[in-house]
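Everything in the sequence shown is counted per this note's numbering, starting at -9 for the first residue and increasing by one.
Just so you know, even glycine gets a beta-carbon here, dropped at the ideal spot from N, CA and C.
These figures come from a predicted structure and were not determined experimentally.
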Amino acid sequence: MKDFYDVFTLLSTENFDGRVLWEAIFETFQRRRTNLEKEHPVFSSSFVEDESRNKQWKAFLQRTGIKEDLQFPFVMEKIRDFLFPVYDSILKENEYWKMWNSRTLKWE
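(1) Are there 16 or more other CB atoms within 10 angstroms of the CB of residue 1, so buried, or fewer, so exposed?
(2) List the whole-angstrom C-beta distance separating residue -2 from residue 56, where the pair is believed to meet the contact cut-off of C-beta under 8 Å.
(3) Using DSSP with H/G/I as helix, E/B as strand and the rest coil, what is residue 89?
(4) Please confirm whether residue 4 and residue 92 have their CB atoms less than 8 Å apart.
(5) Say whether the stretch 20 to 35 touches the stretch 82 to 92, bearing in mind that this needs 3 or more beta-carbon pairs closer than 8 Å, one atom from each stretch.
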């Protein structure tokens, strides 16, 4: 759960160069010899709506003392908005040149 929180915090506070992120994700998958899946489970609604995972999220927020009222589906929606376009461009073997705007939470 911490990884999701960390990614959400970064995408909410930092701007990103899509090309640099593309390279980082691509190289990480290569180094770990992880297969790129067309329908990666982390982007699925069943992953986001999983009751057990949502309970884990709430427990994580409580345990770490995070006071923000962050719902897991909202966090995952923003993570999907942030990562999926880059991931999809890797799958399609296209480069990604957009910039992430942390104020608008959109690729521009």
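If we stick to the structure as given:
(1) buried
(2) Their Cβ separation, rounded to whole angstroms, is 11 Å, which puts residue -2 and residue 56 out of contact at 8 Å.
(3) strand
(4) Taking 8 Å as the Cβ cut-off, residue 4 and residue 92 qualify as a contacting pair.
(5) Put simply, the stretch 20 to 35 does not touch the stretch 82 to 92. Fewer than three CB pairs are less than 8 Å apart.
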